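Which chain is which? The protein sequence lines are A and B, in order.
If you count the first sequence from 1, position 215 lands on 215 in the working numbering, and the numbers rise without skipping.
To convert, count from 1 in the second sequence and add 1000; that's the working numbering.
Notes for the one structure printed next.
There are 2 protein chains.
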Amino acid sequence: VSYQLFYWPDIPGRGEFVRLALEEAGVSYRDVARDPDAMAEIEAKLEEESIAHPPFAPPFLIAGNKIIGQTATILLFLGDEHNLAPKAVAGRLWTQQLQLTIADLVAEVHDTHHPISLDRYYEDQKREALLRSESFRKQRIPKFFGWFETVLKRNPKGPTYLVGASISYADLSLFHVVGGLRYAFPTATKRALHNTPHLVGHVDAVAKRPRIKAYLASERRQAFNEDDIFRHYPELDG
Amino acid sequence: VSYQLFYWPDIPGRGEFVRLALEEAGVSYRDVARDPDAMAEIEAKLEEESIAHPPFAPPFLIAGNKIIGQTATILLFLGDEHNLAPKAVAGRLWTQQLQLTIADLVAEVHDTHHPISLDRYYEDQKREALLRSESFRKQRIPKFFGWFETVLKRNPKGPTYLVGASISYADLSLFHVVGGLRYAFPTATKRALHNTPHLVGHVDAVAKRPRIKAYLASERRQAFNEDDIFRHYPELDG
């Protein structure tokens, strides 16, 4: 199998959740973001009138004659294809439910620095970003982390992974979100992680998986930065 | 089959996307929101320590020994169980992809009146809400509606439904979102729908389906109101 991942260049972004699944699966893929003409190629694909299932926005994945958009839907597909989710209905749905809760958290992270509009610079909504980030740090990070801690604690197969005894795409996504929050809100994240030892252990376990470890050390992995979802603006942390 | 839907009382909310699927499927369900002790029952279920797959928040559905959270995951399940999505992989993923794009739109609607924090009243974030709504009305409604229009236009089976020639859970959700936007932002929504005739036809077709029509006329259907996701604050429209 060979895939093409379409996502904006120069940021990990939501494309990273897909990359981590592809890397853990050990499959070959073309990362369009690394092509010098990436922007033009993505725009052209979004405009292509012959596509019956047009994606709304990147990321989207081309897999044979399929084109699949929405991060969690791409992962639903990859989970089935590459054993990154249970086959049984209940576990399969649970993995997707976890993923959508992670997606809700990611959307809230994005809104910390863009509470008013995607079309305005951070500097033009900084006052609002300060207010939104305060509530995000104080209420939302602890609430989400507390829930993940509970999920790990209640896993009948032990707290290493979110679902059963094997890695799933939701584990990879949670790993990335915690990494992103450590980058963007180091003080608030450290404080919250103090109360969630299983979550700390979970993230460490994912980082040590051979394919993930190799990926993180490779040039395929992009660094967090201030054009991304997870932005380190010190004034928003605390 | 008998289901129990857990969702907050007194608002259609995200529970409504699940209700519409249950109604179209013609299955019996208990709507916990209509119970006088709904709040206590929901809180108790969220706290229940024996649940291995605890939901993060309502809505969640109890189906036999399963408990399923996240609106789109509940619909993924109901789609398979009640023929509200294609059985083939490509169509099944496409339906979920549409649903997640609808979910993104719903989250943006919510943020128009709560751009800063869930924990503060609208009145305390009204200035920010005015700014956020302007960008939502001018950029986001036309962008989402334009995409749904394109999806309907490109459906090889014709523009009546989003996926193939039959109704899916995504059609029911889109129907509700357009209804909610007509309620909350009547002027901006009317303007945007002027350019999307297939979307107007789609919403009309869903409203005329016998089970949906009967549901909308019943006491089971709740009215839109200003505690809901879709709120009519005239100052935010225009």
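C-beta atoms are modelled at their ideal positions from N, C-alpha and C, and glycine is treated no differently.
Quick caveat, the model's predicted, so the values are computed rather than measured.
Answer yes or no: do residue i and residue j have a C-beta to C-beta separation smaller than 8 angstroms?
{"i": "residue 1082(B)", "j": "residue 1163(B)", "result": "no"}
{"i": "residue 198(A)", "j": "residue 149(A)", "result": "yes"}
{"i": "residue 1078(B)", "j": "residue 1025(B)", "result": "yes"}
{"i": "residue 240(A)", "j": "residue 18(A)", "result": "Chain A is shown from 1 up to 238; residue 240(A) falls before or after that span and cannot be answered."}
{"i": "residue 1142(B)", "j": "residue 1128(B)", "result": "no"}
{"i": "residue 1146(B)", "j": "residue 1196(B)", "result": "yes"}
{"i": "residue 1257(B)", "j": "residue 1183(B)", "result": "With chain B covering 1001 to 1238 only, the question about residue 1257(B) has no answer from this structure."}
{"i": "residue 1095(B)", "j": "residue 1170(B)", "result": "yes"}
{"i": "residue 1207(B)", "j": "residue 1216(B)", "result": "yes"}
{"i": "residue 230(A)", "j": "residue 180(A)", "result": "yes"}
{"i": "residue 1029(B)", "j": "residue 1046(B)", "result": "no"}
{"i": "residue 90(A)", "j": "residue 1087(B)", "result": "no"}
{"i": "residue 59(A)", "j": "residue 7(A)", "result": "yes"}
{"i": "residue 1236(B)", "j": "residue 1117(B)", "result": "no"}
{"i": "residue 166(A)", "j": "residue 102(A)", "result": "no"}
{"i": "residue 100(A)", "j": "residue 1070(B)", "result": "yes"}
{"i": "residue 1072(B)", "j": "residue 107(A)", "result": "no"}
{"i": "residue 1009(B)", "j": "residue 1033(B)", "result": "yes"}
{"i": "residue 177(A)", "j": "residue 105(A)", "result": "yes"}
{"i": "residue 1016(B)", "j": "residue 1211(B)", "result": "no"}
{"i": "residue 156(A)", "j": "residue 1052(B)", "result": "yes"}
{"i": "residue 175(A)", "j": "residue 203(A)", "result": "yes"}
May I ask you to list the residues that DSSP assigns as paired with residue i?
{"i": "residue 67(A)", "result": "62(A)"}
{"i": "residue 1171(B)", "result": "Bridge partners of residue 1171(B): none, in fact."}
{"i": "residue 35(A)", "result": "Note: residue 35(A) sits in no beta bridge, so no partner."}
{"i": "residue 1005(B)", "result": "1031(B), 1061(B)"}
Does any CB atom of chain B fall closer than 8 angstroms to the CB of residue i?
{"i": "residue 119(A)", "result": "yes"}
{"i": "residue 88(A)", "result": "no"}
{"i": "residue 128(A)", "result": "yes"}
{"i": "residue 165(A)", "result": "no"}
{"i": "residue 25(A)", "result": "no"}
{"i": "residue 243(A)", "result": "The structure shown has nothing for residue 243(A), since chain A only spans 1 to 238."}
For residue i, go through chain B and note every residue whose CB falls closer than 8 angstroms to its CB, in chain order.
{"i": "residue 93(A)", "result": "1066, 1068, 1073, 1076, 1077"}
{"i": "residue 135(A)", "result": "1116, 1117, 1118, 1119, 1120"}
{"i": "residue 101(A)", "result": "1056, 1069, 1070"}
Could you tell me which chain A residues have their CB closer than 8 angstroms to the CB of residue i, listed as they occur along the chain?
{"i": "residue 1150(B)", "result": "54"}
In chain B, which residues lie less than 7 angstroms from residue i when you measure between Cβ atoms?
{"i": "residue 207(A)", "result": "Near residue 207(A) there are no residues of chain B at all, since even the closest Cβ is about 24 angstroms away, more than 7 angstroms."}
{"i": "residue 97(A)", "result": "1068, 1069, 1070, 1073"}
{"i": "residue 147(A)", "result": "1056"}
Since residue i meets chain A, which of its residues come closer than 9 angstroms, beta carbon to beta carbon?
{"i": "residue 1156(B)", "result": "52"}
Using a Cβ-Cβ distance under 8 angstroms, would residue i count as near chain A?
{"i": "residue 1111(B)", "result": "yes"}
{"i": "residue 1162(B)", "result": "no"}
For residue i, which residues in chain B fall below 9 angstroms Cβ to Cβ?
{"i": "residue 139(A)", "result": "1117, 1118, 1119"}
Against chain E, does residue i count as a neighbour if the rule is that its beta carbon must be under 8 angstroms from one of theirs?
{"i": "residue 132(A)", "result": "Absent from the structure: chain E. Protein chains present are A and B."}
Name the chain A residues whose beta carbon is nearer than 7 angstroms to that of residue i?
{"i": "residue 1107(B)", "result": "107"}
- Query: Which parts of the segment 1041-1125 of chain B are runs of the alpha helix (DSSP H), unbroken and 4 residues or longer, counting only runs that do not cross its ends?
  - Reply: 1071-1081, 1089-1113
- Item | Ordered list of alpha helix (DSSP H) runs contained in the segment 179-208 of chain A, each at least 4 residues | 186-193, 197-207
- Within the segment 128-160 of chain A, note down every full alpha helix (DSSP H) run reaching 4 residues or more, in order along the chain. 141-154
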